[in-house]
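In terms of mature numbering (1 follows the signal peptide of the UniProt record, and there is no 0), the sequence shown is residues -21 to -1, 1 to 169.
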Amino acid sequence: MKSLAFALVMTGLGMAGHTLAFELNSPQLQEGQPLSKAQEYQGFGCSGDNRAPALSWQNPPAGTRSFAVTVYDPDAPTGSGWWHWLVFNLPADSRGLPEGSGQPGGATLPAGSVQSLTDFGQPGFGGACPLAGDKAHRYVFTVHALKVPRLELDEKAMPALVGYMLHANSLGSASLTASYARPAEMQAQQ
């Protein structure tokens, strides 16, 4: 009986120190799997729906005062990757964004949220658009938990500046990486 009680106490102590991991999920995305045509850009030779997937997050770090969401392609042939979406000043009590929330104007985003410039040169979600025939690119969807209630930036902020401010104020992040490629025959249509 004493050994059973000891085992239960030790199990309880082990669980008391266990914290749940900060997680990012989406009904439209699966880790390592291709994006759909819905998340492909509309323009630059791409003909997708340019629709941001629904995102949800759980278990943010203690002390989180706001969130930001970014989408980044580290495989873009630019020497510095490609920013597809930057939205910040999401309230601390938010736990997700609905599908299509990256539209210009941000009508479905929480009040006070800001979408800043992407590498497409405009605010809002810019879907995947790798060169036709190029290898599959990775698209890293990340939610950032921030220690400040807001970033003092606006919709004209350059992606590198937003990235700098996110890292300077980060308590933690959670990511989900999907991929996308366009067939080589698309190149002739561009």
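By construction, the Cβ of each residue, glycine as well, lies at the ideal position given by its N, Cα and C atoms.
Quick caveat: nothing in here was measured; it's all calculated off a predicted structure.
Selection A147, E131, A160 and T121 evaluated against W36 yields T121 as nearest (Cα-Cα). For the options S15, G60, Q12 and F67, the alpha carbon positioned closest to that of L145 is the one of F67.
At the C-beta level, P102 and P89 stay beyond 9 Å of one another. The secondary-structure analysis by DSSP pairs A157 across a beta bridge with Y118.
Contact annotation, L3 with L155: C-beta distance approximately 5 Å; criterion of less than 8 Å satisfied. Rounded to whole angstroms, T49 and W62 show a C-alpha spacing of 8 Å. Scanning its chain for C-beta atoms nearer than 8 Å, with the 5 sequence neighbours on each side dropped, one finds around Y51 the residues G60, W61, W62, H63, Y118, V119 and T121, in chain order. Non-local beta-carbon contacts of A(-1) in its own chain, meaning distances under 7 Å to residues more than five positions away in sequence, involve N38 in chain order.
Measuring C-alpha to C-alpha distances from S158 to each of D133, A115, M137 and G105 identifies A115 as the nearest. DSSP places L145 within a helical segment (H, G or I) once states are collapsed to three.
Scanning its chain for C-beta atoms nearer than 7 Å, with the 5 sequence neighbours on each side dropped, one finds around P109 the residues H116, Y159, A160 and R161, in chain order.
Closest by C-alpha distance to D113, out of S15, P53, A163 and R30, is A163. In the three-state scheme derived from DSSP, where H, G and I count as helix and E and B as strand, E131 is classed as coil. Pairing G106 with G24 gives a Cβ-Cβ distance that is not under 9 Å.
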